[in-house]
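Report on one structure; see the data block that follows.
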Amino acid sequence: MMMSCKEITRLISISQDRKLALPERMQMKFHTMMCSSCANVNKQLGFIRKAGKDQANGGSLDRPTIVPKSE
Amino acid sequence: MSATALTSDHTHTTQIGGFRDDMIRFTLLQVRDRALAEDVVQEAMSAALSGQKGFSGKATLKTWVFGILRHKIIDSLRHNQREISFSDLSREGEALDEQIDTLFKNNGHWNEQQRPTNWDDPEQSLHQQQFWAIFHACLGHLPKNTAQIFTMREFLDLDIEEICAQLGVTTNNCYVTLYRARMKLRICLEQNWFTGEPL
Chain W
1 MMMSCKEITR
11 LISISQDRKL
21 ALPERMQMKF
31 HTMMCSSCAN
41 VNKQLGFIRK
51 AGKDQANGGS
61 LDRPTIVPKS
71 E
Chain L
1 MSATALTSDH
11 THTTQIGGFR
21 DDMIRFTLLQ
31 VRDRALAEDV
41 VQEAMSAALS
51 GQKGFSGKAT
61 LKTWVFGILR
71 HKIIDSLRHN
81 QREISFSDLS
91 REGEALDEQI
101 DTLFKNNGHW
111 NEQQRPTNWD
121 DPEQSLHQQQ
131 FWAIFHACLG
141 HLPKNTAQIF
151 TMREFLDLDI
161 EEICAQLGVT
171 TNNCYVTLYR
181 ARMKLRICLE
191 QNWFTGEPL
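Okay, structure coming up:
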């Protein structure tokens, strides 16, 4: 079954919280290859996550270069 | 202890003191009580000052101090966080869904005027003060319980199981809440930052 854009955006969000099952991963991949709007959502949510991490590490505002988080 | 070590400790102490405002701001995004947030930051600063030898220099000093702060916030949430009421969270969800639904047509495809845009070089925004002002304003527009789940996930990097267990929320409800929070944030950032129109 083809998923709608709305369903795909839900899947994009879930992919940030758990590993998607193979069929879910395929759906998301094929859909975002064809649909630039959903691909944009995927990039945007990735950026929001990055912004959160940046804050959680003290922020890059005062730093000229972003220093990778040490594990 | 050698003279160089002393100087470096002293410099670090001054630097750590200078992080206080940023630490308070970050903590307040997650602990919404000012007095509690100040206690948490104080504890993190004391731990950082007394544990400076643990700073390896691999990350920046600030990143290292924020690592300590995140642990203190997690401890504090474990002790002070009450379970979320299901009906409060549902009410928040309904309001957010109303807005998210306007993005899509009845068949679940994008409304033409609402299609997400391609954000131009978003990483560059991370260095701009105005971006963070808008980011924080957008976060501030999230309803309370929704924001709590979002910050536990994105700022504290807790996994879904832990967040659900701690807040007494079902796993599915957690996923749905995070979806709503992220969609609301992307709408807010797109309207107020990436298209450059006023807030």
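Top to bottom, those sequences are chains W and L.
Numbering of the first sequence is given in this note's numbering, commencing with residue 1 and proceeding in unit increments.
Numbering of the second sequence is given in this note's numbering, commencing with residue 1 and proceeding in unit increments.
Virtual Cβ for every residue (Gly too), placed ideally from N, Cα, C.
>> Per the DSSP calculation, L:F104 is bridged to which residue(s)?
In response: L:W110
> Closest by CA to L:T146, which one among L:H10, L:P122 and L:K184?
Replying inline: L:K184
>> I want to see whether chain L comes within less than 8 Å of W:L20, judged by CB atoms only; does it?
In response: no
>> So, for L:F150: in the same chain, excluding its five sequence neighbours on each side, which residues have a beta-carbon less than 6 Å away from its beta-carbon?
In response: A181
> Contact check, W:D54 vs L:L142 under 8 Å by CB: the rounded distance?
Replying inline: Not a contact, Cβ separation roughly 18 Å.
> In terms of residue numbering, what span does the alpha helix (DSSP H) encompassing L:A147 cover?
Replying inline: K144 to E154
>> Spatial neighbours of L:M23 within its chain, please: C-beta separation below 6 Å, excluding the five flanking residues on both sides.
In response: V41 and L69
>> Rounded to whole angstroms, what is the Cα-Cα separation between L:L89 and L:M152?
In response: 15 Å
>> Here's the rule I'm using: 16 or more other beta-carbon atoms within 10 Å means buried, otherwise exposed. How should W:K19 be labelled?
In response: exposed
> What residue from L:H12, L:L29, L:T13 and L:G140 has the CA that sits closest to L:I74's CA?
Replying inline: Nearest option by C-alpha distance: L:L29.
> If the cut is a Cβ gap below 8 Å, which residues of chain L does W:F47 touch?
Replying inline: W119, P122 and E123
> Do L:S76 and L:L36 have their C-beta atoms closer together than 8 Å?
Replying inline: Taking a C-beta distance under 8 Å as the contact criterion, L:S76 and L:L36 qualify as a contact pair.
> Are the C-beta of L:I160 and some C-beta of chain W separated by less than 8 Å?
Replying inline: So, interface residue.
> At a CB-CB cut-off below 8 Å, which residues of chain L make contact with W:E7?
Replying inline: G108
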